[in-house]
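Student: One structure is given below, represented as structure tokens, and several questions about it will come after.
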Amino acid sequence: MQRLGEKYQSVEAFGWAARDSSGHLSPFVFSRRETGEEEMRVKVLYCGVCHSDLHCLKNEWHSSIYPLVPGHEIVGEVTEIGRRVSKFSIGDKIGVGCIVDSCRACESCREDQENYCTKSVATYNGVHYDGTVNYGGYSDHIVVDERYAVKIPHTLPLASAAPLLCAGISMYSPMKYFGLAGPGKHIGIVGLGGLGHIGVRFAKAFGSKVTVVSSTAGKSKDALEIFGADGFLVSTDEDQMQAAMGTMDGIIDTVSASHPILPLIGLLKPSGKLVLLGATEKPFDLHAFSLILGRKSIAGSAIGGIKETQEMINFAAEHGIKAEIETISMEYVNTAMDRLAKGDVRYRFVIDIANTLAVTRS
Ligand code: NAP
Ligand code: ZN
């Protein structure tokens, strides 16, 4: 059956897709729509590899639509614009993150928080309003409405800016919203991975005190010396955890797998907040008293709105914040996913799409 929008999908595109929950990626030819009046066609230059890509490839959230082309940390160059595009010009370097549309009318949309619009459309594995399934940035080009793209300042290196589009905004937004960004605030960042390491850099730029809580003792040197954290706790070391009880104003938890949260709640000061970002499938073990005694709260946070994403990118450019990356070729992506699953990445893979994708098309 032809979906509503498929007749407009007339421009050939090429990327890598998984066909099933093995998550194995391989070359995939598909089509994208014509550039609409308020849209841009964007040549993908770089795309970051987020742990969410891995969750989706393996259908760990039970919502994957195959074939699935992941990628929502996209940096690209505008190659075509619709006649009503006003913010961007051909040749501009732009970023596209996790959403490419939203209803534009609800309270969240009106307040520049499209990320909380219940009808927002995901960059990949989302169904567009025209009925077609979206494909992400592990591909040669994308088409995006100008409202859902941001400008990449000239001073940011393009490859290491890519992870800011998801990892960066996902850390920046809750630090600001939950009042943790600034001198006098002590933030705990749990999990020193793609999100975590960028979070340390933002927190330091805000002037907050930062302690990394990690399951990997060997990351201590990187946390303290490369990313500038003020402290480092090994989450399995009971003595270290005990000594840090009641010291943090807020904790941002980026762990991608099931893990105990009661010890983390213990690290909070009275009225402290534990903000969950890691999208683990299994429910947590929680005792009411751990929150009641100390008026503590647990919250969640999902990426950020487009306006705030632009603000975050500008802030990153101003403060020289970028991701610590390992640039990889498209051919390497399955190995990269295996390594990401094992926690073997320091600290974000970024695919050099422009230079390595086309050669994989035979
Ligand atoms: P990542 O690079 O794989 O980092 C996750 C880190 O969690 C690892 O480096 C590791 O840090 C820690 N970890 C992993 N398994 C663990 C375990 N079993 N026990 C304890 N710690 C463990 O992943 P990411 O790209 O940063 O994404 C992290 C999570 O956030 C994913 O679930 C992703 O889907 C989600 N996410 C959420 C949002 C949002 O807006 N809410 C946005 C993007 C991603 P240590 O070695 O330091 O312990
Ligand atoms: Zn992501």
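Heads up, the sequence shown is in the UniProt record's numbering, so the first residue is 1 and it goes up one at a time.
Idealized CB from N, CA, C, for every residue including glycine.
1. Just the C-alpha distance for R84 and M248, rounded to the nearest angstrom, thanks.
2. Buried or exposed: which applies to N355, given that a residue is buried once 16 or more other Cβ atoms fall within 10 Å of its Cβ?
3. Can you give me the Cβ contacts of I187 inside the same chain, cut-off strictly under 6 angstroms, excluding the 5 residues immediately before and after it?
4. Report back the beta-carbon spacing between I351 and L164 to the nearest angstrom; my notes put them in contact at under 8 angstroms.
5. Collect the residues with a C-beta less than 5 angstroms away from any heavy atom of the ligand ZN and give them in sequence order along the chain.
6. Heavy atom of the ligand NAP less than 6 angstroms from the Cβ of H55, yes or no?
7. So, E39 versus G91, is the Cβ gap smaller than 7 angstroms?
8. Around the Cβ of F349, are there at least 16 other Cβ atoms within 10 angstroms (buried) or fewer (exposed)?
9. Consult DSSP for H186 and reduce its assignment to one of helix, strand or coil.
10. So, helix, strand or coil for Y46, using DSSP?
11. Is it true that the CB of Y148 sits closer than 7 angstroms to the CB of I252?
12. Beta carbon of H259: closer than 6 angstroms to some heavy atom of the ligand NAP?
13. So, for R346: in the same chain, excluding its five sequence neighbours on each side, which residues have a beta-carbon less than 6 angstroms away from its beta-carbon?
14. Around the C-beta of Q2, are 16 or more other C-beta atoms found within 10 angstroms, so that it is buried, or is it exposed?
15. Quick check: is any heavy atom of the ligand NAP less than 6 angstroms from the C-beta of A279?
16. May I have the straight-line CA-CA distance separating L68 from V255, to the nearest angstrom?
17. Is M312 helix, strand or coil by DSSP?
18. Which of the three DSSP states is assigned to V121 in this structure?
19. Who are the near neighbours of Q9 in its chain, counting only those whose CB is closer than 7 angstroms to its CB and skipping five residues on each side?
20. Could you check the C-alpha separation between H154 and G231 for me, to the nearest Å?
21. Does DSSP put I251 in a helix, a strand or coil?
22. Output needed for N55: all residues of its chain with C-beta closer than 7 angstroms, excluding positions within five of it in sequence on either side, in chain order.
23. Reducing DSSP to helix, strand and coil, say where residue 388 ends up.
24. Compute the beta-carbon to beta-carbon distance between G199 and M171, rounded to the nearest angstrom, for a pair I have assumed lies under 8 angstroms.
25. Check whether the Cβ atoms of G126 and G71 sit closer than 7 angstroms, and answer yes or no.
26. Output the distance between the C-alpha atoms of A288 and G272, rounded to the nearest integer angstrom.
27. Helix, strand or coil: which one does DSSP assign to L224?
28. So, are the CB atoms of N115 and A302 less than 7 angstroms apart?
29. Taking DSSP as the reference, what is the three-state secondary structure of I306?
30. Can we count L274 as close to the ligand NAP, meaning its CB is less than 6 angstroms from some heavy atom?
31. Find out if the Cβ-Cβ distance for the pair L195, K219 is shorter than 7 angstroms.
32. For S108, report the span of its alpha helix (DSSP H) as first-last.
33. Are there any heavy atoms of the ligand NAP lying less than 6 angstroms away from the beta-carbon of T216, as far as the coordinates show?
34. Kindly list the residues whose CB is nearer than 7 angstroms to the CB of residue 369, restricted to its own chain and excluding five residues on each side of it in sequence; keep chain order.
Tutor: In short:
1. 48 angstroms
2. Around the beta-carbon of N355, fewer than 16 other beta-carbon atoms lie within 10 Å, marking it exposed.
3. L180, A203, S208, V210, G250
4. About 15 angstroms separates the two Cβ atoms, so there is no contact after all.
5. C50, S52, C166
6. yes
7. In this structure, G91 does not lie closer than 7 angstroms to E39 by Cβ.
8. buried
9. strand
10. Residue state, collapsed to three classes: strand.
11. no
12. yes
13. So no residue of the chain qualifies.
14. Unreliable positioning characterises Q2 in this predicted model, as indicated by a pLDDT of 43, which lies under 50. The coordinate reading is nonetheless provided below. When all chains shown are included, Q2 counts as exposed.
15. It does: the Cβ of A279 is within 6 angstroms (strictly closer) of some heavy atom of the ligand NAP.
16. 24 angstroms
17. The answer is helix: DSSP assigns M312 an H, G or I state.
18. strand
19. S31, R32, R33, T132
20. 33 angstroms
21. strand
22. Note on identity: in this sequence residue 55 is His, with Asn being the wrong assignment. So the qualifying residues of the chain are W61, A279.
23. The chain is shown from 1 up to 362; residue 388 falls before or after that span and cannot be answered.
24. 4 angstroms
25. no
26. 15 angstroms
27. helix
28. A Cβ-Cβ contact shorter than 7 angstroms links N115 with A302.
29. The answer is helix: DSSP assigns I306 an H, G or I state.
30. no
31. The Cβ atoms of L195 and K219 lie no closer than 7 angstroms to each other.
32. Start and end: 107-110.
33. yes
34. Nothing in the structure corresponds to residue 369, since the chain is present only between 1 and 362.
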